[in-house]
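Number of protein chains: 2
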Amino acid sequence: MKIAIAQLNPIIGDLSGNAQKILEVAQQAAANGVRLLLTPELSLCGYPPRDLLLNPSFVEAMSMNLQQLAQDLPANLAVLVGTVEKNAQAHITGGKNLFNSIALLENGKVKQFFHKRLLPTYDVFDENRYFEAGLQANYFTIDNIDIGVTICEDLWNDEEFWGKRNYAANPIADLSILGVDLIVNLSASPYTVGKQRSREEMLQHSAVRFQQPIIYTNQVGGNDDLIFDGFSFAVNAKGEVMCRAQGFTTDVVIIEFDAAQRDLQLSSVTPASTSADEEIWHALVLGVRDYAQKCRFSKVVLGLSGGIDSSLVAAIATAALGKENVLGVLMPSPYSSEHSISDALALAKNLGIQTQTIPIGELMQGFDHSLVDLFAGTEFGIAEENIQSRIRGNLLMAIANKFGYLLLSTGNKSEMAVGYCTLYGDMNGGLAVIADVPKTRVYSICNWLNSHQSTVIPPHVITKAPSAELKPGQVDQDSLPPYEILDDILQRLIHEHQSVGEIVAAGHESLVVDRIIQMLARAEFKRRQAPPGLKITDRAFGTGWRMPIASNWSAIKNTYKINSGLGIYI
Amino acid sequence: MKIAIAQLNPIIGDLSGNAQKILEVAQQAAANGVRLLLTPELSLCGYPPRDLLLNPSFVEAMSMNLQQLAQDLPANLAVLVGTVEKNAQAHITGGKNLFNSIALLENGKVKQFFHKRLLPTYDVFDENRYFEAGLQANYFTIDNIDIGVTICEDLWNDEEFWGKRNYAANPIADLSILGVDLIVNLSASPYTVGKQRSREEMLQHSAVRFQQPIIYTNQVGGNDDLIFDGFSFAVNAKGEVMCRAQGFTTDVVIIEFDAAQRDLQLSSVTPASTSADEEIWHALVLGVRDYAQKCRFSKVVLGLSGGIDSSLVAAIATAALGKENVLGVLMPSPYSSEHSISDALALAKNLGIQTQTIPIGELMQGFDHSLVDLFAGTEFGIAEENIQSRIRGNLLMAIANKFGYLLLSTGNKSEMAVGYCTLYGDMNGGLAVIADVPKTRVYSICNWLNSHQSTVIPPHVITKAPSAELKPGQVDQDSLPPYEILDDILQRLIHEHQSVGEIVAAGHESLVVDRIIQMLARAEFKRRQAPPGLKITDRAFGTGWRMPIASNWSAIKNTYKINSGLGIYI
């Protein structure tokens, strides 16, 4: 029996458009003799639909589109479509109004619904906000083959593999007891670095443990901060990878289930990615392309400072949208170095993108003049530094507004963490492209890019000391520890939830750790107002980072008191 | 037996400070012969602690503070403290690591833990993200009185009262079957308009239904976007209100449980609020005061346009922090009317606050000059309007940064809904004071204020046509329907999830409804970057509003196509 994996890129909420995509793949699959077509989790509405699900007319429209799609599909093709089903008993039994579901469509009808059993409520996931958990193992029979049906998280509870249980039930174990021939999974699993390897190792373990072939169908594409990487795959009952779809692009893979052997046969196996830098690059290119296109922008604008962050973002944007659709704006001040211009122009030349240069010296004088009385007797400080950044932010937004461009912001994760950035200044933008990429990773991606392609990032951009150039002679390391140290401390704080004691025990200076913790907490108000940032790690600032602003937890026991500097709103 | 309700205002994460507050109230209560002291939900860490709970050292510190508090408390006083308890079985049974708990402290010991059973996962609540639900009814015995213990949401599932069941269990019913003498509830229930009446009606119903006296202890204070209104109260077994604490301030109320009658006796009953305008006023004053103080600001700054929104926010800030701590900044442009200055100065005089005036005409010319080549051949439009707003935003932030003031933003809910505001301009600020207050409500609060106090808001501010004054002769109603119509449509869309058909059936023009829906969806990217806004309704933009940005659901069936204007990032 031929089974097709449709690795689709839906637009959130575009029910008829997404149904049309499923229909087109179904027609192609039917023409190739496919009997069963798999699509991603919530393929009809796209994942995550978020609070659109609270709108009854949205749910109603989804149901209508599902019925219509069932009628439109080719005969002799069974299709699994991700959708929601109403929980008719909710008001009586207590519980959420919807099930995160898969519908089996066949011969013009919606034949059966299956409900997701394990609902994630960590990181970016809020599934208990909308959904009631399904209580039973799901399967159906087609051509005498029993096929177990699971949805995304349903696979992520193999207590042997993880060394602990995350939910009470293990749907794979339940299906194995029922003796199904094959387990299929419809997923929308967001990208993080190295996640594809985790998925495959996990399912290889489960396949061997339960002697079950498993087909994993993932969504692909960028939806706001989330990037879905695709890389759908299948493992046979021995845990061997029998097919792998491409990463970071739509794909359709056909795989044969051998009814006699009760197992999957080898199909096309796209090589897995081998380099984290390469993987992140492709993820970010997809994230920018999809955010722009799904918001209906064709062109983007960004500030080019000659620094490494804006250089990388410009390269990503160019790869995503084409050099003719990227405008770089140079906005030198009297504090700008000569190389800030020459490096930015060299980058633009390498990329083939247009630039505009708008010096900001006169505008700085204008603000100085406007504030001269009020600021009399005070010294040049952070207020004046921020004015420069906000002049640039205003100019960039003026260009974005005038010409209908999307403004990309260029801050990295290290500076977002410690607040080394100006709110309403360089933080401005519709999308924060590298907000989840630590500075040390920015360097390694640029080095990978230059070695992989021709030299895109001018070497001087990589070798010079990073600087915001907001006052004469300023470099980042006046205010921050070296990025290797900063990024390691941040990794331990943000990702590993380590205590001060643990971080100091790992070799960091206690005073430095204290200071970074303080800066991390203080910058919360800035991050709250940041644009969506493309997520590439398991703990990004954004929808999965939910911290109070007005709070007083320091994580520094005994010795630490928050000083009055917390009140300085920069 | 004397029972005290401690209606406390904790600082999120300030474990030792919050423990100290509990200790002080406990000492005072013991001196008054109190036997049992009640504190709010999670009183040790403050509600909501959010992702601080993911930090093991935070949880560990909470446990240590709890043990210490138990030792410090006076003898012969039992105290219920809101805290977390680790779920020791989580890795074996599957489930979250913590229970949202109440600890019974007595005679130097932590004697018992009780677990919250119903975990809210709607609106601003994410309790399944952190907590496992308790499975059993909680009670303890003191002086031969059996006291049932519930936490906040545990009371909110009376299917008779609501006409539907929200959760499988009803903890009140379970406690009633066990035959407890009294039910206590520790809550952190955020304010929304009219919510106190709902709480009392609900508990009056449950008290009568189960013949159970109930004591309801609420948190008070502002924590970021959430305002907790206090108004703790108790009902006897007949459903009569036996005590009510004050609203919007800390309070301690002592009430007698009559062991012979097995019921509560009458204590002090603060009058309930009678006017929504008054209630909202007090809520917003508290919200501003606490956000400023808990972030360690003593002074605030805001732009004064002479319009009604900034006038109301200035009045709120003055009431919250004192007239000497509020700075109003007038930033007239060549498009500003004369009354924009005179009205703003009249308001400042009424409030007794300082002002500064910084004309922006020259800065506007500076931007025009900087962009003259790039914008050649284009017409004055939204880009130029936004430049003005962003110049003002830059000036305000410069003042905030220079002097360590908190900038308050002044946009109302109606304009946040339709995007009639400038990102990085008038949206700038650390706190959006009236972001959940519709424009029509802004008027009614100002009218209430003027009739309640002396005339604070100059009458001309209330009577003149609202205008952003970003181009000559501009008024809001050039771009928006009258606010009465706009606010009614928004109420139906945002709060009642009505379809276009339902809204049109209620008497609105279909074209107007379509346009408002389009504007609401388009403005999502702006709202995502807005500062926290004080929540006063059951559906505020902010943590409880989780919409996709890059999406294509219009709610307008058939006829509606999103036009290319969606791409214009303003």
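Protein chains in written order, with this note's numbering: chain V, 327 to 896; chain S, 327 to 896. Every residue gets a Cβ at the ideal spot worked out from N, C-alpha and C, and that includes glycine.
With H, G and I counted as helix, E and B as strand and the rest as coil, what does DSSP make of V/I432? Indexing the first sequence from 1 puts residue 432 of chain V at position 106. For clarity, residue 432 of chain V is Glu in the given sequence; the question names Ile instead. Looking at V/E432 - three-state DSSP - the assignment turns out to be strand.
So, at 8 Å on beta carbons, what are the nonlocal neighbours of V/A609 in its own chain, with the 5 sequence-adjacent residues on each side left out? Reading the first sequence from its first residue, position 283 is the one you call residue 609 of chain V. Same-chain partners within the cutoff: Y517, I553, D555, F574, L860 and I862.
Quiz prompt | Whole runs of the alpha helix (DSSP H) within the stretch 814 to 868 of chain V, excluding any shorter than 4 residues | solution = Taking only runs of at least 4 residues, the alpha helix (DSSP H) segments lying wholly in the stretch 814 to 868 of chain V are 826 to 831, 836 to 848 and 850 to 854.
_Which residues does DSSP list as the beta-bridge partners of V/T789?_
In the first sequence, the residue the question calls residue 789 of chain V occupies position 463. Beta-bridge partners of V/T789 (DSSP): none assigned.
query = What residues from the stretch 580 to 591 of chain S come within 7 Å of chain V, judged by C-beta to C-beta, listed N to C?
reply = Per Cβ criterion, the list is empty.
Query raised in the report: Whose Cβ in chain V lies nearer than 7 Å to the Cβ of S/H417?
Result: For the purposes of this step, residue 417 of chain S is taken as the residue at position 91 of the second sequence. Within chain V, the residues near S/H417 are K490 and R491.
| Residues of chain S with CB under 7 Å from V/T447, in chain order? | What you label residue 447 of chain V is simply residue 121 of the first sequence in a count that begins at 1. In chain order: N454 and R455.
Go ahead and label V/R767 buried or exposed: buried means 16 or more other beta carbons lie within 10 angstroms of its beta carbon, across all protein chains shown. As a first step, residue 767 of chain V is located in the first sequence; it is residue number 441 there, counting from the start. Around the beta carbon of V/R767, 16 or more other beta carbons lie within 10 angstroms, which makes this residue buried.
Query raised in the report: Looking at S/V744 and S/A849, is the spacing between their C-beta atoms short of 8 Å?
Result: To locate residue 849 of chain S, count along the second sequence from 1; it is residue 523. To locate residue 744 of chain S, count along the second sequence from 1; it is residue 418. Yes, Cβ-Cβ distance for S/A849 and S/V744 is below 8 Å.
Next item on the list: May I ask which residues mark the beginning and end of the alpha helix (DSSP H) holding V/L673?
Entry: Locating residue 673 of chain V in the first sequence gives position 347, where the first residue counts as 1. Looking at the DSSP string, the run of the alpha helix (DSSP H) that includes V/L673 is E664 to L677.
message: Taking the alpha carbon of V/C772 as the reference point, which residue from V/P597, V/S601, V/V506 and V/L638 has its own alpha carbon closest?
response: What you label residue 772 of chain V is simply residue 446 of the first sequence in a count that begins at 1. Check the Cα spacing between V/C772 and each of V/P597, V/S601, V/V506 and V/L638: the tightest is with V/L638.
**Prompt:** Using a C-beta cutoff of 8 Å, does S/V546 count as contacting chain V?
**Reply:** Mapped onto the second sequence, residue 546 of chain S falls at position 220. For S/V546, the answer is no, since every Cβ of chain V falls outside 8 Å of its Cβ.
(request) Check whether the Cβ atoms of S/G421 and S/K442 sit closer than 8 Å, and answer yes or no. (result) Numbered from 1 along the second sequence, position 95 holds the residue referred to as residue 421 of chain S. Numbered from 1 along the second sequence, position 116 holds the residue referred to as residue 442 of chain S. Taking 8 Å as the Cβ cut-off, S/G421 and S/K442 do not qualify as a contacting pair.
Item checked: Closer than 8 Å to chain S by CB, V/W879 -> Start at 1 with the first residue of the first sequence, and residue 879 of chain V comes out as number 553. The C-beta of V/W879 comes closer than 8 Å to at least one C-beta of chain S.
Review point. Checking contacts by CB at 8 Å: is S/F574 closer than that to chain V?
Key: Here residue 574 of chain S refers to the residue found at position 248 of the second sequence. No, because no Cβ of chain V sits closer than 8 Å to the Cβ of S/F574.
Next item on the list: Tell me whether V/R523 is buried or exposed, calling it buried when 16 or more other Cβ atoms sit within 10 Å of its Cβ.
Entry: Locating residue 523 of chain V in the first sequence gives position 197, where the first residue counts as 1. With fewer than 16 other CB atoms across the displayed protein chains lying within 10 angstroms of its CB, V/R523 is exposed.
Should V/I338 and V/P366 be called a contact, given that it needs their Cβ atoms to be closer than 8 Å?
Taking the first residue of the first sequence as 1, we reach residue 338 of chain V at position 12. Taking the first residue of the first sequence as 1, we reach residue 366 of chain V at position 40. Cβ distance not < 8 Å, so V/I338 and V/P366 don't count as in contact.
Which complete beta strand (DSSP E) runs does the stretch 595 to 640 of chain V hold, if anything under 3 residues is left out? When DSSP assignments are scanned along the stretch 595 to 640 of chain V, the uninterrupted stretches of beta strand (DSSP E) that are 3 or more residues long and fall wholly within it turn out to be 626 to 629.
| query | Considering only residues of the same chain and omitting the five flanking positions on each side of V/R716, which have a CB-CB separation below 8 Å? | reply | Here residue 716 of chain V is taken as the residue at index 390 of the first sequence, counted from 1. Within the same chain, V/R716 has close Cβ partners T748, Y750 and G751.
Can you find a C-beta in chain S that's less than 8 Å from the C-beta of V/F706? If you number the first sequence from 1, residue 706 of chain V lands on position 380. No, because no Cβ of chain S sits closer than 8 Å to the Cβ of V/F706.
- Item | Closer than 8 Å to chain S by CB, V/Y542 | As a first step, residue 542 of chain V is located in the first sequence; it is residue number 216 there, counting from the start. No, because no Cβ of chain S sits closer than 8 Å to the Cβ of V/Y542.
For S/T681, I'd like the list of residues in its chain whose CB is within less than 8 Å of its CB, leaving aside the five on either flank, ordered along the chain.
Translated into positions along the second sequence, residue 681 of chain S becomes position 355. So the list reads L630, L653, G654, V655, L656, A670, L671 and A674, once near-sequence residues are dropped.
Name the residue from S/G632, S/D507 and S/Q346 whose alpha carbon lies nearest to the alpha carbon of S/T683. Position 357 of the second sequence, counting from 1, holds the residue named residue 683 of chain S. The option with the nearest alpha carbon to S/T683 is S/G632.
key: Cα-Cα separation, S/D840 to S/S805   = The residue labelled residue 840 of chain S in the question sits at position 514 within the second sequence. The residue labelled residue 805 of chain S in the question sits at position 479 within the second sequence. Their backbone Cα atoms lie some 14 Å apart in a straight line.
- Between the Cα of V/Q800 and those of V/N511, V/L403 and V/S663, spot the shortest distance and give me the residue it belongs to. Within the first sequence, numbered from 1, the residue matching residue 800 of chain V stands at position 474. That would be V/S663, whose Cα lies nearest to the Cα of V/Q800.
Residues from the stretch 327 to 343 of chain V in contact with chain S, defined by Cβ distance under 8 Å: Cβ contacts with chain S come from I337, I338, G339, D340, L341 and G343.
* To do: Taking only the alpha-carbon atoms, compute the straight-line gap between V/K521 and S/I842 and give it to the nearest angstrom.
  => Within the first sequence, residue 521 of chain V is the residue found at index 195, counting from 1. Within the second sequence, residue 842 of chain S is the residue found at index 516, counting from 1. Using only the alpha carbons, I get a separation of about 41 Å.
My guess is that S/V561 and S/P539 are in contact by the Cβ rule of under 8 Å, so how many angstroms apart are they, rounded?
As a working mapping, residue 561 of chain S is identified with position 235 in the second sequence. As a working mapping, residue 539 of chain S is identified with position 213 in the second sequence. The pair is a contact, with the Cβ atoms about 7 Å apart (cut-off 8 Å).
* To do: Work out the CA separation of S/E828 and V/L512 for me, nearest whole Å.
  => The residue labelled residue 512 of chain V in the question sits at position 186 within the first sequence. The residue labelled residue 828 of chain S in the question sits at position 502 within the second sequence. Cα to Cα, V/L512 sits roughly 35 Å from S/E828.
Original post:
With a cut-off of 8 Å, does the C-beta of V/Q682 fall near any C-beta of chain S?
Top reply: Against the first sequence, residue 682 of chain V aligns to sequence position 356. V/Q682 counts as touching chain S.
* CB contact check: S/M645 to chain V, cutoff 8 Å -> The residue you call residue 645 of chain S lines up with position 319 of the second sequence. Residue identity check: residue 645 of chain S is Ala in the sequence provided, not Met. Taking Cβ atoms only, chain V never reaches closer than 8 Å to S/A645, which makes this a no.
**Message:** By alpha-carbon positions, which one of V/K765, V/G687 and V/A794 ends up nearest to V/S666?
**Reply:** The count along the first sequence starts at 1 and reaches residue 666 of chain V at position 340. Closest in C-alpha terms to V/S666, from the list V/K765, V/G687 and V/A794, comes V/A794.
Handout entry: Uninterrupted beta strand (DSSP E) stretches inside the stretch 461 to 508 of chain V (no shorter than 3 residues)
Key = Whole beta strand (DSSP E) segments, 3+ residues: 464 to 468 and 471 to 477.
Going by C-alpha distance, which of V/A429, V/E486, V/E453 and V/I498 is nearest V/A463? What you label residue 463 of chain V is simply residue 137 of the first sequence in a count that begins at 1. Ranking the options by Cα distance to V/A463, first place goes to V/I498.
Given S/K797 as reference, the closest of S/L370, S/I713, S/G692 and S/N426 once Cα atoms are compared
Mapped onto the second sequence, residue 797 of chain S falls at position 471. The residue among S/L370, S/I713, S/G692 and S/N426 with its C-alpha nearest the C-alpha of S/K797 is S/I713.
Against chain S, does V/A709 count as a neighbour if the rule is that its beta carbon must be under 8 Å from one of theirs? The residue given as residue 709 of chain V occupies position 383 in the first sequence. By this cut-off, V/A709 is an interface position.
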